[in-house]
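Student: Before anything else, here's the structure in question.
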Amino acid sequence: MPTQDTPCEELCEALGATTPCSRFMGPEAGEDGGLLEKVKCEAPFLCEGRRPEGLCSDGAVATGTPALGALFARMAHLEAASVPAFERLADELAAHGAPERLVRAARRAAKDEVRHASAMESLAQRHGAPMPELTVAPFQPRTLVALAIENAVEGCVRETFGALLAGWQARSAEDAQVRESLATIAPDELRHAELSWAIDAWALEQLSPEARERVEAARREAWRELEQDAASSHLPEAVARVSGLPSAEVARGLVRELALELMPGALA
Ligand SMILES: [Fe+2]
Ligand SMILES: [Fe+2]
Numbered sequence: 538m539p540t541q542d543t544p545c546e547e548l549c550e551a552l553g554a555t556t557p558c559s560r561f562m563g564p565e566a567g568e569d570g571g572l573l574e575k576v577k578c579e580a581p582f583l584c585e586g587r588r589p590e591g592l593c594s595d596g597a598v599a600t601g602t603p604a605l606g607a608l609f610a611r612m613a614h615l616e617a618a619s620v621p622a623f624e625r626l627a628d629e630l631a632a633h634g635a636p637e638r639l640v641r642a643a644r645r646a647a648k649d650e651v652r653h654a655s656a657m658e659s660l661a662q663r664h665g666a667p668m669p670e671l672t673v674a675p676f677q678p679r680t681l682v683a684l685a686i687e688n689a690v691e692g693c694v695r696e697t698f699g700a701l702l703a704g705w706q707a708r709s710a711e712d713a714q715v716r717e718s719l720a721t722i723a724p725d726e727l728r729h730a731e732l733s734w735a736i737d738a739w740a741l742e743q744l745s746p747e748a749r750e751r752v753e754a755a756r757r758e759a760w761r762e763l764e765q766d767a768a769s770s771h772l773p774e775a776v777a778r779v780s781g782l783p784s785a786e787v788a789r790g791l792v793r794e795l796a797l798e799l800m801p802g803a804l805a
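For the sequence shown, position 214 (counting from the first letter as 1) is numbered 751 according to our numbering, and the numbering increases by one without interruption.
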């Protein structure tokens, strides 16, 4: 059981933090009138979705927020970040002359993500966490190959895994509200994953063989990164039970099975 004297490195290890902890002097005064030293460390949660280019915020909440609230806050942040990601995608698809059904589906997905963000925000608030601020740098025009690479990484890999994870949580979470929210989100995410693959098929048809190879290389790399993220994810046991998130070992196995199905040979 940690006490006030437990060194922060020990606490970080128990939490599964992978980034070095940072120390800073807090704004509040301690009992002796001096400034309180604060320590910040981060444990990686596994949550997946479509991150827009230029995403500057990470969904982290203040130190001391209950772990379950912090997890839902991060999920809410990612859902909220997916809104501008899909809005931009819809505009770009239209500008690149993509079929109207893809443009319409991307606009519909942006609306889904608004609902997802608010469902996750209410879970975060219920568990003592505020909605994190979302900061995205202004978008610049980009080429079709840049769009296709982002879609392959964020959509075909990460959102597809996100759909699987949402379905997993909808079945495994101990908390009824979590199960209910994720059961609504999971089919939407599955549709978003299918949309990613439909956009991928259309974009690849428009691109040169060299550009196509760049998209495939980015996709392969994204599977590797996702496998690493899954393997290094860590949650206190109670948080895993309530949220229904799989252990690092199970998550890694799910990533590997999905990659084997969708891009055989991507993972050694
Ligand atoms: Fe979502
Ligand atoms: Fe989504």
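Even for Gly, the Cβ is constructed at its ideal location relative to N, Cα and C. A quick note: this is a predicted structure, and the numbers were derived from the prediction, not measured.
Closest to Ala733 by C-alpha separation, out of Gln714, Arg756, Pro746 and Glu717, would be which residue?
Tutor: According to the sequence displayed, residue 733 carries Ser and not Ala. Ranking the options by Cα distance to Ser733, first place goes to Arg756.
Student: Counting along the chain, where does the alpha helix (DSSP H) carrying Gly606 start and finish?
Tutor: Segment Ala604 to Ala632, the alpha helix (DSSP H) holding Gly606.
Student: Threshold first: 4 residues or longer. Then list the alpha helix (DSSP H) segments lying entirely within the segment 722-782, N to C.
Tutor: Runs of the alpha helix (DSSP H) inside the segment 722-782: 746-768 and 774-780.
Student: Quick check on Cys584: buried or exposed, where buried means 16 or more other Cβ atoms within 10 Å of its Cβ?
Tutor: Under this definition Cys584 is a buried residue.
Student: Using the beta-carbon count (16 or more within 10 Å), is Glu774 buried or exposed?
Tutor: Exposed: under 16 other Cβ atoms inside 10 Å.
Student: If you run the structure through DSSP and keep just helix, strand and coil, what is Val598?
Tutor: In this structure, Val598 counts as coil in the three-state DSSP scheme.
Student: Would Ala720 pass as a contact of Ala730 if the rule is Cβ separation under 8 Å?
Tutor: Contact flag unset, no.
Student: Taking the C-alpha atoms as reference points, what is the distance between Leu630 and Arg793?
Tutor: Rounded to whole angstroms, Leu630 to Arg793 spans 31 Å at the Cα level.
Student: Using beta-carbon positions only, say whether Ala622 and Pro675 come within less than 8 Å of one another.
Tutor: Contact: no.
Student: CB-CB under 7 Å to Ala617, same chain, minus the five flanking residues each way: which ones, in chain order?
Tutor: Ala654 and Leu671, listed in sequence order.
Student: So what does Leu592 bridge to, in DSSP terms?
Tutor: Its beta-bridge partners are Val673.
Student: Report the rounded CA-to-CA distance for Thr697 versus Arg751, giving the unit in angstroms.
Tutor: So the two alpha carbons sit approximately 20 Å from each other.
Student: Say whether the segment 600-613 touches the segment 760-778, bearing in mind that this needs 3 or more beta-carbon pairs closer than 8 Å, one atom from each stretch.
Tutor: These segments touch.
Student: So is the beta-carbon of His729 under 7 Å away from any non-hydrogen atom of ligand 2?
Tutor: Because some heavy atom of ligand 2 lies under 7 Å away, the Cβ of His729 counts as near it: yes.
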